[in-house]
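Novice: So that we are looking at the same thing, I have put the structure below in structure tokens.
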Amino acid sequence: ERFVFEDRKLILEKSGFKFLNVRNQDVPTYVMHGAADLGVVGLDVLEEKEYDLIKLLDLKLGRCKVAFGLRAGEKLNFDKSKITIATKHEKIAKKFFEEKAMAVEIIKLYGSIELAPLVGLCDCIVDIVETGETMKQNGLEVGPTIMESSAHLIA
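Rendered as structure tokens:
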């Protein structure tokens, strides 16, 4: 049986279960506060939320990575005294640089992250990459990977 949310309904009831239609970033919050027993969410979202949840199963779906994006032809300069990063993944980026004992300025953005280095807002970006095509179409290259991500069943 297919599970299809109709119109703008946010709760679907099938076979004695309730399925909630929520944003990916909100899944851990619903589970953490007991509004949902289980959730399916990307590992990158779990790392960013830092909630104490149980990862029951890596579903091996929606595979992608959190990686640097650099202007074409540029390399990430880890010798620079301070790197400016634009990202919506603040905690993941901050943790990466803390582990390397490097100074970083993180600029929080909520979308169109690829634009930031092109207009001089930052040195590079940290973003979700599946194929790298969006970066390529915007004059960027995929740089070093910070972490791999895929959908996880959580409780």
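Using full-length UniProt numbering, you'd call the opening residue of the sequence shown number 1 and step up by one each time.
We treat Cβ as the ideally placed atom computed from N, Cα and C, and that holds for glycine.
Under 8 Å: do the region 130-140 and the region 105-119 share three or more Cβ pairs, one atom per stretch?
Specialist: The region 130-140, when compared against the region 105-119, does touch it at the 8 Å Cβ threshold.
Novice: How would you label Thr131, buried or exposed, when you count the other beta carbons within 10 angstroms and need 16 or more for buried?
Specialist: That one is exposed.
Novice: Quick check: is the beta carbon of Leu20 nearer than 8 Å to any beta carbon in chain D?
Specialist: Among the chains in the structure shown there is no chain D, since it carries only a single protein chain.
Novice: How would you write the range of the alpha helix (DSSP H) that Asp44 sits in, first residue to last?
Specialist: First-last of the alpha helix (DSSP H) with Asp44: Leu43 to Lys49.
Novice: Fully enclosed by the region 26-102, which beta strand (DSSP E) runs are 3 residues long or longer?
Specialist: Runs found: 39-42, 55-58, 64-71 and 82-87.
Novice: Mind reading off the beta-carbon distance from Thr84 to Glu105? Whole number of angstroms is fine, and I expect it under 8 Å.
Specialist: About 5 Å separates the two Cβ atoms, so the contact holds.
Novice: Measuring straight from C-alpha to C-alpha, what distance separates Ala67 and Leu118?
Specialist: Rounded to whole angstroms, Ala67 to Leu118 spans 17 Å at the Cα level.
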